[in-house]
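Numbering-wise, full-length UniProt numbering puts 216 at position 216 of the sequence shown, and it's gapless, one number per residue. Structure record follows, encoded as structure tokens.
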Amino acid sequence: MIQRVAIIGLGTMGPGMAARLARGGIDVVAYDIAPAAIERARTMLAAADGVLDNLGIEAKGTGGSVRFTSELEEAVLGADLIIENVPENEEIKAGVYRKIEGMISADTIVASDTSGIPITRLQAHISNPGRMVGMHWSNPPHIIPMIEVIGGEQTAPETVATIRDFIRSLGLLPVLLKKDVPGFVENRVLYALLREVVDLVERGVIEPEDIDTCVSWGIGYKLAVIGPMALLDMAGMDIYHSVSSFLNEDLCDRKDVAPLVTKQMADGKLGIKSGEGVYSYTPEKIAQLQPERAKKLVAIRRILEGRE
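Structure below.
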């Protein structure tokens, strides 16, 4: 039974994960090597708790707790589950696994929140690879209830089952992948969409503002209610067959990264984090965006759950 969880690496996802786990009655110890990251996480944790209140998610039992530390051994000591949440770099992740090897028991489950590095590759860096599993949360993790569960080639079936059942016990939605593929499922679908929309903008077919409107109020609006496989049935296999027979030939299938993205990176235009990307962001706009988007996501979730 999982009662204590260590989150290794705070970043963007860590505070939201910690808040949601604590709301589920779990005692969480959140670790980061940088004191500034811990202070930022404290603020983000308070904001996430406010969002969970708006969602009406009450604490399970007497509720859990969140404690922050900059000492790795203190974070993992006695943990039933460790969620590794460090940057998307295999060597950095491998370094974490090596450090915690002597600090945890042989049956402590080690889960990675990697966005797409195959779990089978990460297992090569840990002893007892049967206890390693992918646990991919979606951003923002305290609002989006879906979590991908990915077993690598050496992951024990009981490890996968334990994490699946743990997610369900929190009132969240585990999505079990049958194969360990790069990017898993959510990001593969998302990046296929992003590849096409970037290509359409690069080719001068449409402006960024209009493609955002098209996706949000067109397919995005529908997909929130009707999943893509159900959409196939709604449209009809005959219609899909007819359209895809000529459209698939013209869809973007490039294997490299689009010049629009590589040029923006070279110019230091990384998006919100740098104040400019596809769009420009003032500090005031950045401060406004997160709570504004959280409010809308909360409203949509309440509707999808039939609570509005």
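Just so it is clear, CB atoms sit at the ideal spot from N, CA and C, and this is done for glycine as well. Note that this is a predicted model, so its numbers are computed, not measured.
Please work out which residues of its chain come closer than 7 Å, Cβ to Cβ, to residue i, disregarding the five sequence neighbours upstream and downstream, and give them in chain order.
i, result
"valine 51", "His142, Ile143, Ala294, Val298"
"leucine 172", "Pro145, Ile147"
"aspartate 165", "none"
"aspartate 113", "Met13, Ile83, Glu84, Asn85, Met135, His136, Trp137"
"alanine 224", "Ile300, Leu304"
Suppose the cutoff is 8 Å on Cβ atoms and the five residues either side in sequence are ignored; what does the same chain contact list for residue i look like?
i, result
"aspartate 80", "Met1, Ile2, Gln3, Arg4, Val5, Thr108, Ile109"
"glutamate 71", "Tyr31"
Going straight from the alpha carbon of residue i to that of residue j, what length do you get?
i, j, result
"tyrosine 106", "asparagine 128", "The sequence given here has alanine at residue 106, not tyrosine. Rounded to the nearest angstrom, the two C-alpha atoms are 7 Å apart."
"leucine 55", "alanine 46", "14 Å"
"valine 215", "glutamine 290", "20 Å"
"isoleucine 26", "valine 160", "19 Å"
"leucine 247", "histidine 241", "10 Å"
"arginine 40", "valine 86", "16 Å"
"arginine 195", "leucine 177", "23 Å"
"glycine 14", "serine 138", "11 Å"
"aspartate 199", "cysteine 252", "7 Å"
"threonine 262", "tyrosine 279", "16 Å"
"alanine 75", "isoleucine 239", "54 Å"
"isoleucine 167", "glycine 204", "44 Å"
"glutamate 73", "alanine 124", "22 Å"
"lysine 269", "proline 283", "15 Å"
"valine 243", "arginine 20", "42 Å"
"glycine 277", "valine 197", "15 Å"
"leucine 231", "isoleucine 300", "19 Å"
"threonine 213", "arginine 98", "46 Å"
Can you tell me which of the options puts its alpha carbon nearest to the alpha carbon of residue i?
i, options, result
"leucine 304", "Met265, Tyr221, Ile286, Pro291", "Tyr221"
"glycine 78", "Met44, Gly277, Gly116, Val29", "Val29"
"glycine 134", "Val185, Met237, Ala41, Phe68", "Val185"
"proline 140", "Ile119, Ile150, Asp49", "Asp49"
"arginine 131", "Ile219, Asn85, Ile150", "Ile150"
"arginine 67", "Leu10, Ala224, Gly95, Val197", "Leu10"
"glutamate 202", "Leu260, Ala224, His136, Ile38", "Leu260"
"isoleucine 38", "Leu21, Ile7, Glu58", "Ile7"
"glycine 116", "Ala156, Lys99, Pro182", "Pro182"
"proline 157", "Lys179, Leu170, Ser169", "Lys179"
"glutamate 88", "Ala36, Thr69, Pro118", "Pro118"
Comparing the C-beta of residue i with each C-beta of chain B, is any distance below 8 Å?
i, result
"glutamate 202", "Here there is only one protein chain, and chain B is not present."
What does a CB cutoff of less than 6 Å around residue i pick up in its chain, not counting 5 residues either side in sequence?
i, result
"arginine 23", "Leu52, Ile57, Ala59"
"alanine 111", "Ile83, Val133, Met135"
"isoleucine 92", "Val86"
* Stretch pair the stretch 59–75 + the stretch 192–212: three plus CB contacts closer than 8 Å -> Counting Cβ pairs under 8 Å, fewer than three are found: no touch.
* **Segment contact flag, the stretch 247–260 with the stretch 92–107, C-beta cutoff 8 Å, min 3 pairs** => Between the stretch 247–260 and the stretch 92–107, the count of C-beta pairs closer than 8 Å stays below three; the two stretches do not touch.
* In chain order, which alpha helix (DSSP H) runs of at least 4 residues are fully inside the stretch 30–62? -> The qualifying runs are 35–54.
* Whole alpha helix (DSSP H) elements within the stretch 85–112, 4-residue minimum -> Counting only runs of 4 or more, we get 90–100.
* Go through the stretch 160–225 residue by residue and report every complete run of the beta strand (DSSP E) that reaches 3 residues or more, in order. => If you keep only unbroken beta strand (DSSP E) runs of at least 3 residues inside the stretch 160–225, you get 173–176.
* **Ranges of the alpha helix (DSSP H) found wholly within the stretch 105–156, counting only runs of at least 4** => Counting whole runs of 4 or more residues, the stretch 105–156 contains the alpha helix (DSSP H) stretches 119–123.
* Asked: Hey, which unbroken runs of the alpha helix (DSSP H) at 4 residues or more fall wholly within the stretch 233–279?
  -> Listed in chain order, the alpha helix (DSSP H) elements of length 4 or more contained wholly in the stretch 233–279 are 237–247, 259–266.
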